[in-house]
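Using the working numbering, you'd call the opening residue of the sequence shown number 1075 and step up by one each time. Report on one structure; see the data block that follows.
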Amino acid sequence: MQRTRNRVLAVARELLPQVGPSGLTYALLAERADVTRQTLYRHWPTRAALLFDLVLEGPDLGTYPEPGNDVRDVATAWLKSLRAGVSVPAVRTAALAVTAQADHDPDSARALVRISEDRHTGFNQLLEPSGIQISDDEFTLPYGPVLARLFLDRGRVRPPVHVQARRNRYHTGRGRG
């Protein structure tokens, strides 16, 4: 059962960046993972549940920090691991989809809260040797850079290739006439 679940999540990680959240249907996922849709619904009764697992059970990047006494070192390592996580295309797409749907989908709203709670708990576990625990309000402060990476550092939108080629010819003087 765990092996099937892991295989489905691996296939979903491959498909999600290609087809987007709306294109990742249970029919497509079942076909590609070679399982029934019933199996998918048994593990993930809602799309938000699947996206939640894609965020929290992302690939092991080997970057999750160890607990420690030095708060600054632990916080820095934790933020770097979160940044690495949202740099994975499937994790990024799933996190953005859950966030976008949270305003109108109660399952996504709950998933978003659970993601935040999971990360907050994990951070406090890393800080335990230091004797410091951060509150909910304090927790919102350190992950601003991660949210900036997720929402703002999305790359510059470039015009289609043929438009860019025309611009290049014009700017080099070869398109003037």
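Virtual Cβ for every residue (Gly too), placed ideally from N, Cα, C.
query = Are there 16 or more other CB atoms within 10 angstroms of the CB of ARG1166, so buried, or fewer, so exposed?
reply = buried
inquiry  = Tell me which residue opens and which closes the alpha helix (DSSP H) that LEU1259 is part of.
reply    = The shown model of the chain, from 1075 to 1251, leaves out residue 1259, and the question about it has no answer.
message = Is LEU1102 close to the ligand SAM? I mean its beta-carbon at under 7 Å from any heavy atom of the ligand.
response = The ligand SAM is absent from the structure shown, which contains no ligand whatsoever.
key: Contact check, PRO1091 vs ALA1185, beta carbons under 8 Å   = no
task = Could you tell me the boundaries of the alpha helix (DSSP H) in which THR1051 lies?
result = Examination of residue 1051 is not possible in this model, given that the chain is present from 1075 through 1251 alone.
query = Alpha carbon to alpha carbon, how far is GLY1218 from GLU1191?
reply = 16 Å
query = When burial is assigned at 16 or more other CB atoms within 10 Å of the CB, is PRO1233 buried or exposed?
reply = Residue placement at PRO1233 is poorly supported in this model, since its pLDDT is 44, which falls under 50; the coordinates still yield a value, given next. Under this definition PRO1233 is an exposed residue.
ask   = With DSSP run on the structure shown, which of helix, strand or coil describes LEU1098?
value = coil
request  = Tell me, to the nearest whole angstrom, how far the beta carbon of LEU1125 is from that of ALA1171; I am working on the premise that it is less than 8 Å.
outcome  = 6 Å
message = At the level of alpha carbons, what is the spacing between HIS1117 and VAL1082?
response = 10 Å
ask   = How should ARG1121 be labelled, buried or exposed, when 16 other C-beta atoms within 10 angstroms of its C-beta is the threshold for buried?
value = buried
message = Quick check on DSSP: helix, strand or coil for ALA1176?
response = coil
inquiry  = Need the endpoints of the alpha helix (DSSP H) that GLU1212 sits in, please.
reply    = 1210-1213
task = Counting only the same chain and skipping the five closest in sequence on each side, list residues whose C-beta sits under 7 Å from that of ARG1230.
result = Residue placement at ARG1230 is flagged as unreliable, the pLDDT there being 41, under the threshold of 50; the coordinate-derived value follows with that caveat. Cβ within range, chain order: n/a, list empty.
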